[in-house]
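Report on the structure given below.
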Amino acid sequence: MGSKKLDKDIQASIEEMSFEEALEQLEVIVDNLEGGESKLDDAISAYERGILLKKHCETKLHVAKSRVAKLSIGPNGDLEAKEIEFA
Numbered sequence: 321m322g323s324k325k326l327d328k329d330i331q332a333s334i335e336e337m338s339f340e341e342a343l344e345q346l347e348v349i350v351d352n353l354e355g356g357e358s359k360l361d362d363a364i365s366a367y368e369r370g371i372l373l374k375k376h377c378e379t380k381l382h383v384a385k386s387r388v389a390k391l392s393i394g395p396n397g398d399l400e401a402k403e404i405e406f407a
């Protein structure tokens, strides 16, 4: 199996993950890298996977933020949805 095919398979498997699953894997990778016990090649592979997981989590958060709205009652008594600004 070629490297590009493997990269696409890894990316596809990450894209199927929930935010929580990806974040959990990312935390494990960070803990392992901070431990300094991994071989260099393994550490580099884990780091690369961590980057993909981080991007996936950021995308999931961005989508979630765009879906959040503040509900309030307008002057005529109707329910209104206002977009919330995130810093």
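In terms of our numbering, the sequence shown has 378 at position 58, counting the first letter as 1, and numbering is strictly consecutive.
For each residue, glycine too, the CB sits at the ideal point set by N, CA and C.
Note to self: Using CA atoms only, rank isn't needed, just tell me which of Ser358, Gln345, Ile349 and Glu368 is closest to aspartate 327.
What the structure shows: Position 7 of the sequence shown holds residue 327. When only C-alpha atoms are compared, the closest one is Glu368.
Margin query: Determine whether the beta carbon atoms of alanine 366 and isoleucine 349 lie at a separation below 9 Å.
Written below: Looking up residue 366 in the sequence shown gives position 46. Looking up residue 349 in the sequence shown gives position 29. Going by beta carbons, alanine 366 and isoleucine 349 fall inside the 9 Å limit.
Check: Relative to the C-alpha of serine 338, which residue among Glu378, Ala401, Ile393 and Gly397 is closest?
Finding: For the purposes of this step, residue 338 is identified with residue 18 of the sequence shown, where counting begins at 1. The shortest C-alpha separation from serine 338 is found at Glu378.
Next item on the list: Name the one or two DSSP bridge partners that glutamate 400 has.
Entry: The residue labelled residue 400 in the question sits at position 80 within the sequence shown. Answer by DSSP bridge pairing, in chain order: Ser392.
Note to self: Between the alpha carbons of asparagine 352 and serine 358, how many angstroms are there, rounded?
What the structure shows: The residue labelled residue 352 in the question sits at position 32 within the sequence shown. The residue labelled residue 358 in the question sits at position 38 within the sequence shown. Rounded to whole angstroms, the gap between the alpha carbons of asparagine 352 and serine 358 is 7 Å.
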